[in-house]
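Down below is the structure, laid out as C-alpha coordinates.
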Amino acid sequence: MDPRPAVVPCIFYRDPIAAMKWLEAAFGFETTVLLTDAEGRVGHAEIDVLGSPVGIGGEWEGPPLGKAAMKAPASLGGFGTQFLRITLPDGLDGHCARARAAGAVITQEPEDQFYGARTYRALDPEGHVWNFSEELRAVSDEEIERASGLTRRNVSAEA
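Residues in the sequence shown are numbered consecutively from 6, following the numbering used here.
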(Lines of atoms letter the chains of each structure in order from A and count residues from 1; the text may use other names and numbers.)
(Lines give C-alpha, C1' and ligand atoms only; values in the text may rest on other atoms or scores of the structure.)
Protein backbone atom coordinates (compact mmCIF):
# COMPACT_ATOMS: atom_id res chain seq x y z
CA MET A 1 0.00 0.00 0.00
CA ASP A 2 1.40 3.39 -0.99
CA PRO A 3 1.77 5.87 1.86
CA ARG A 4 -0.60 8.82 1.88
CA PRO A 5 0.94 12.19 1.05
CA ALA A 6 1.64 14.48 3.98
CA VAL A 7 -0.76 17.09 2.56
CA VAL A 8 -4.14 16.36 1.00
CA PRO A 9 -6.02 19.47 -0.11
CA CYS A 10 -9.79 19.50 0.33
CA ILE A 11 -12.23 21.67 -1.58
CA PHE A 12 -15.88 22.26 -0.83
CA TYR A 13 -18.94 22.40 -3.05
CA ARG A 14 -22.65 23.07 -2.70
CA ASP A 15 -23.20 19.82 -4.61
CA PRO A 16 -20.09 17.66 -4.19
CA ILE A 17 -21.40 14.65 -6.13
CA ALA A 18 -22.24 16.79 -9.16
CA ALA A 19 -18.84 18.46 -8.79
CA MET A 20 -17.01 15.13 -8.87
CA LYS A 21 -18.89 14.06 -12.00
CA TRP A 22 -18.01 17.40 -13.61
CA LEU A 23 -14.34 17.16 -12.56
CA GLU A 24 -14.16 13.72 -14.16
CA ALA A 25 -15.70 14.96 -17.43
CA ALA A 26 -13.82 18.26 -17.63
CA PHE A 27 -10.39 17.47 -16.24
CA GLY A 28 -10.17 13.68 -16.46
CA PHE A 29 -9.96 13.13 -12.70
CA GLU A 30 -11.24 9.92 -11.13
CA THR A 31 -13.47 9.54 -8.09
CA THR A 32 -11.68 7.07 -5.82
CA VAL A 33 -13.69 7.39 -2.58
CA LEU A 34 -17.37 8.26 -2.13
CA LEU A 35 -18.97 7.56 1.25
CA THR A 36 -22.52 8.84 1.79
CA ASP A 37 -25.03 8.78 4.62
CA ALA A 38 -28.56 7.33 4.43
CA GLU A 39 -29.81 10.56 2.78
CA GLY A 40 -27.11 10.46 0.10
CA ARG A 41 -25.02 13.31 1.58
CA VAL A 42 -21.28 13.03 1.20
CA GLY A 43 -19.51 11.97 4.37
CA HIS A 44 -16.11 11.57 2.73
CA ALA A 45 -15.01 11.73 -0.89
CA GLU A 46 -11.76 11.93 -2.83
CA ILE A 47 -10.74 12.33 -6.43
CA ASP A 48 -7.43 11.22 -7.90
CA VAL A 49 -5.47 13.99 -9.61
CA LEU A 50 -2.56 12.35 -11.43
CA GLY A 51 -1.83 10.11 -8.46
CA SER A 52 -2.54 12.70 -5.77
CA PRO A 53 -5.71 12.64 -3.68
CA VAL A 54 -7.90 15.72 -3.36
CA GLY A 55 -10.73 15.67 -0.86
CA ILE A 56 -14.17 16.80 -2.03
CA GLY A 57 -16.73 17.86 0.54
CA GLY A 58 -20.05 19.54 0.91
CA GLU A 59 -20.29 22.97 2.48
CA TRP A 60 -20.41 22.88 6.26
CA GLU A 61 -19.87 24.85 9.44
CA GLY A 62 -20.06 24.30 13.15
CA PRO A 63 -18.16 21.87 15.34
CA PRO A 64 -15.27 21.23 15.18
CA LEU A 65 -14.58 24.28 13.00
CA GLY A 66 -15.41 26.91 15.62
CA LYS A 67 -16.24 30.15 13.80
CA ALA A 68 -14.93 28.87 10.46
CA ALA A 69 -17.12 27.62 7.62
CA MET A 70 -16.22 25.64 4.51
CA LYS A 71 -17.90 27.19 1.47
CA ALA A 72 -17.64 27.13 -2.30
CA PRO A 73 -16.78 30.42 -4.02
CA ALA A 74 -20.30 30.31 -5.50
CA SER A 75 -21.66 30.80 -1.97
CA LEU A 76 -19.23 33.64 -1.26
CA GLY A 77 -19.84 35.95 -4.19
CA GLY A 78 -16.97 34.34 -6.10
CA PHE A 79 -14.39 34.87 -3.37
CA GLY A 80 -11.87 32.09 -2.77
CA THR A 81 -8.77 31.69 -0.66
CA GLN A 82 -6.77 29.26 -2.77
CA PHE A 83 -6.43 27.58 -6.12
CA LEU A 84 -5.09 24.22 -7.09
CA ARG A 85 -1.94 24.07 -9.24
CA ILE A 86 -1.66 20.90 -11.25
CA THR A 87 1.30 19.98 -13.43
CA LEU A 88 0.30 17.87 -16.40
CA PRO A 89 2.90 15.58 -17.97
CA ASP A 90 1.85 16.75 -21.47
CA GLY A 91 -1.17 17.72 -23.56
CA LEU A 92 -2.03 21.02 -21.90
CA ASP A 93 -3.79 22.48 -24.94
CA GLY A 94 -5.93 19.37 -25.41
CA HIS A 95 -6.71 19.37 -21.69
CA CYS A 96 -7.89 22.97 -21.98
CA ALA A 97 -10.09 22.10 -24.97
CA ARG A 98 -11.66 19.22 -23.03
CA ALA A 99 -12.32 21.48 -20.03
CA ARG A 100 -13.87 24.18 -22.24
CA ALA A 101 -16.12 21.59 -23.95
CA ALA A 102 -17.34 20.45 -20.51
CA GLY A 103 -18.27 24.02 -19.56
CA ALA A 104 -15.20 25.29 -17.73
CA VAL A 105 -14.76 29.05 -17.90
CA ILE A 106 -11.23 29.54 -19.20
CA THR A 107 -9.92 32.64 -17.43
CA GLN A 108 -6.42 32.42 -18.90
CA GLU A 109 -5.85 30.80 -22.28
CA PRO A 110 -2.86 28.45 -22.64
CA GLU A 111 0.26 30.58 -22.75
CA ASP A 112 4.01 30.05 -22.40
CA GLN A 113 5.39 31.62 -19.22
CA PHE A 114 8.80 33.17 -18.50
CA TYR A 115 9.47 30.51 -15.85
CA GLY A 116 9.48 27.68 -18.40
CA ALA A 117 5.93 26.37 -18.22
CA ARG A 118 2.82 26.63 -20.38
CA THR A 119 -0.27 27.33 -18.27
CA TYR A 120 -3.99 27.89 -18.39
CA ARG A 121 -6.55 28.69 -15.70
CA ALA A 122 -10.15 27.61 -15.47
CA LEU A 123 -13.15 28.08 -13.20
CA ASP A 124 -15.33 25.12 -12.35
CA PRO A 125 -19.13 25.56 -12.08
CA GLU A 126 -18.92 26.57 -8.39
CA GLY A 127 -16.10 29.08 -8.93
CA HIS A 128 -12.99 27.18 -7.83
CA VAL A 129 -9.87 28.21 -9.76
CA TRP A 130 -7.85 25.40 -11.32
CA ASN A 131 -4.36 26.27 -12.61
CA PHE A 132 -2.89 23.73 -15.04
CA SER A 133 0.67 23.81 -16.29
CA GLU A 134 3.00 21.79 -18.44
CA GLU A 135 6.75 22.14 -17.96
CA LEU A 136 8.46 23.17 -21.20
CA ARG A 137 12.04 23.76 -20.09
CA ALA A 138 14.22 24.32 -17.05
CA VAL A 139 14.83 28.00 -16.31
CA SER A 140 17.64 29.28 -14.09
CA ASP A 141 17.09 31.74 -11.26
CA GLU A 142 19.09 34.28 -13.26
CA GLU A 143 16.74 33.93 -16.27
CA ILE A 144 13.71 34.35 -14.02
CA GLU A 145 15.23 37.45 -12.43
CA ARG A 146 16.01 38.99 -15.84
CA ALA A 147 12.54 38.22 -17.24
CA SER A 148 10.51 39.24 -14.20
CA GLY A 149 12.57 41.49 -11.95
CA LEU A 150 11.88 39.05 -9.10
CA THR A 151 14.67 37.76 -6.87
CA ARG A 152 14.76 34.31 -5.29
CA ARG A 153 15.20 34.54 -1.52
CA ASN A 154 16.15 31.89 0.96
CA VAL A 155 13.80 32.70 3.83
CA SER A 156 15.24 30.08 6.19
CA ALA A 157 18.72 31.61 5.79
CA GLU A 158 17.35 35.05 6.70
CA ALA A 159 15.99 33.95 10.08
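Ideal Cβ placement from N, Cα and C applies to all residues, glycine included.
Opening and closing residue of the beta strand (DSSP E) in which Leu39 lies: Counted as a single uninterrupted DSSP element, the beta strand (DSSP E) harbouring Leu39 occupies residues Glu35 to Thr41.
Which of helix, strand or coil DSSP assigns to Ser145: In this structure, Ser145 counts as coil in the three-state DSSP scheme.
Whose C-alpha, out of Ile52, His133 and Glu140, is nearest the C-alpha of Glu116? Ranking the options by Cα distance to Glu116, first place goes to Glu140.
Sheet register partners of Asp53 (DSSP bridge): Answer is Glu35 and Pro58.
Cβ-based neighbour list, Gly121, same chain, cut-off 7 Å, excluding 5 preceding and 5 following: The residues are Glu140, Leu141, Arg142, Ala143 and Val144.
Quick check: what's the CA-CA separation for Thr37 versus Arg151? Rounded to whole angstroms, the separation of the alpha carbons of Arg151 and Thr37 is 43 Å.
Tell me, please, which residues DSSP counts as bridged to Gln87. In DSSP, Gln87 forms no bridge with anything.
Between Ala162, Met25 and Gly48, which lies nearest to Gly33 when the distance is taken from Cα to Cα? Taking only the C-alpha atoms, the option nearest Gly33 is Met25.
With 16 other Cβ atoms within 10 Å as the buried cut-off, status of Phe137: Classification for Phe137: buried.
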